[in-house]
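Notes follow the structure.
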Amino acid sequence: RRLISGVSSGLSDQLEILGVRYPTDAITNVTPAILSKLSLRLHTQHAHPLNTLRSLIESHYPDFAHLSSLSPLVTPYKNFDELSFPKDHPGRAVTDSYYLNKDLMLRTHTSAHEVEVFRRGETKWLLTADVYRRDEIDGSHYPVFHQMEGARIFSADASGMKECEENNAWLAQQLAMSNIVIEDVPHISPTNPVQPTHDPRYSELVARNLKLSLNTLMLKLFGGVAGSNSQNPLRVRWIEAYFPFTSPSFEVEVYFQGEWLEILGCGVVRQATLDTAGVSNKIGWAFGLGLERIAMILYSIPDIRLFWSTDPRFLSQFEHGKITTFRPYSKYPSCFKDVSFWSPKDKPLHENDFCDLVRDVAGDLVEDVQKIDNFVHPKTGRTSMCFRINYRSMDRSLSNDEVNGIQSQVVSRLKDKMGVEIR
Ligand code: FA5
Ligand code: MG
């Protein structure tokens, strides 16, 4: 029986996860590197920045239920169908999500729990959890990250709408005096419509209440963020978005390290979700915050991999409940390695399969993967790809020999597991 980071995979057709065995099948694509993260639950680790951020947000919503211990294993039905994802939505693909088998997956977002929490009768709640996606690799994307879902529902009548009509004059005044500039978009537009079953006045009030709630949260979180002042404010912008389970929908981006960084998605909950949960007489909003992204801005943490570091030079910088500016310890040199190959004839290798393979071999020693070339041979129809892998440790200098050793493992796995021909 082989033990890989707490995951035993003794029988090839079964996987043991957190003490329970699950059958595998043709679509199983979870990797040992991913499964080793399931038990870590950084959002509950003492003094971890993600835990402090969770507490801080929870304290901003004192009268909301605070949930943070739901299992990451969910059915595709819960993750997608219950939330009105169409059958052919790309997020369902094995190239985008992690499956234990066809009936069980790792949740890709905290929205997977919306129906069950609404069904319990919660009307104001926050839920924090680890989520899993097969995604590209770079400084702000990691295949495991943490989200906080927040939701509030009102009676879909005059009394509910009264509750919804909070005064935002206070917020406008606070913002005017702050170090933050927020750009807005209309609550409702032809490209971001009211749901057919909603009274447009109600939908507008709910959207406004949602934005007010999140703007107030951002004012609290980012009000003292390092490096910003009234001359050089932190820039925040609302943009229109699309989610199958909300309309109208929005995202918020913050200007950070020279780029717009998306920190959250949100919107007016699709009525079908509330109907399924047995609360048809309600109308409300939901949001999903990207906790790492927000923590990066708050603590000036430059790379998302750092959240997983066990290096005392990282962990010892944080005290529970306190936001401090991260002091980077020296950056070690990068080592770039390219690999070029021909994909099997009718099956071009997916970039996410490549990233997972690299992540599984190199773990957090890989900082970044870029596809630098892709072409189809005009005669043979085969696809050639070239990827550039940036190896860099956050904790030490890598020797050339070590990187060459890792790179040759990547190359041999590519040949053996993916059936490619190295060029
Ligand atoms: C969602 O996941 C929706 N469930 C959010 C939502 C909830 C919408 C409720 C409406 C109502 P999205 O895929 O945009 O949306 O992800 C939300 C946030 O998670 C992003 O804004 C980003 O901050 C963070 N995020 C997404 N992918 C990654 C990643 N690979 N690494 C780190 N953070 C990520
Ligand atoms: Mg998004």
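So that you can map any letter, position 258 of the sequence shown is 279 in full-length UniProt numbering, and since no number is skipped, the others follow by simple counting.
No residue lacks a Cβ here, since even glycine has one placed at the ideal position from N, Cα and C.
Model, not experiment: these values are computed from the prediction.
| Check | Outcome |
| --- | --- |
| Bridge partners - Gly305, DSSP secondary structure assignment | Ile174 |
| Asp359 classed as buried or exposed, judged by whether at least 16 other C-beta atoms fall within 10 angstroms | exposed |
| First through last residue of the alpha helix (DSSP H) which encompasses Glu313 | 312-320 |
| Distance cut-off 7 Å: His162 Cβ against heavy atoms of the ligand FA5 | yes |
| Near the ligand FA5: Asp156 beta-carbon under 7 Å from a heavy atom | yes |
| Residues bridged to Lys392 [DSSP beta-bridge criterion] | Phe408 |
| Opposing strand residues paired with Cys287 [DSSP bridges] | Phe271, Phe308 |
| Separation of Val273 from Trp259, as counted between CA atoms | 5 Å |
| Where Phe166 falls: helix, strand or coil (DSSP) | strand |
| Nearest-angstrom Cβ-Cβ length linking Tyr353 and Arg417, presumed shorter than 8 Å | 6 Å |
| Outcome for Val397 when other beta-carbon atoms lying within 10 angstroms are tallied against a minimum of 16 | exposed |
| C-beta atoms of Arg434 and Phe357 nearer than 8 Å | no |
| Residues that Tyr276 bridges to, as DSSP identifies them | Trp281 |
| Ile203 - partner residues in DSSP beta bridges | Val257 |
| Through-space distance from Lys392 to Glu372, alpha-carbon basis | 8 Å |
| Close-in-space but distant-in-sequence residues of the same chain around Ser26 (CB under 7 Å, 5 per side omitted) | Confidence at Ser26 is low in this model, with a pLDDT of 35, below 50, so its placement is unreliable and the value that follows should be read with caution. Correct list, in chain order: Pro53, Ser57. |
| Identity of the residue in Tyr43, Gly440, Gly181, Gly309 nearest Thr149 by Cα | Gly309 |
| Nearest candidate by alpha-carbon position, reference Val138, set Val152, Gly160, His87 | His87 |
| First through last residue of the beta strand (DSSP E) which encompasses Asn122 | 120-122 |
| Spatial neighbours of Pro44 in its chain, beta-carbon cut-off 7 Å, leaving aside the 5 residues before and after | Asp34, Gln35, Asn122 |
| Distance between Trp281 and Arg155 (C-alpha atoms, nearest Å) | 22 Å |
| Candidates Leu235, Leu39, Pro97, Pro211, of which the one nearest Leu147 by Cα | Leu235 |
| Within 8 Å, strictly: CB atoms of Asn200 and Leu255 | yes |
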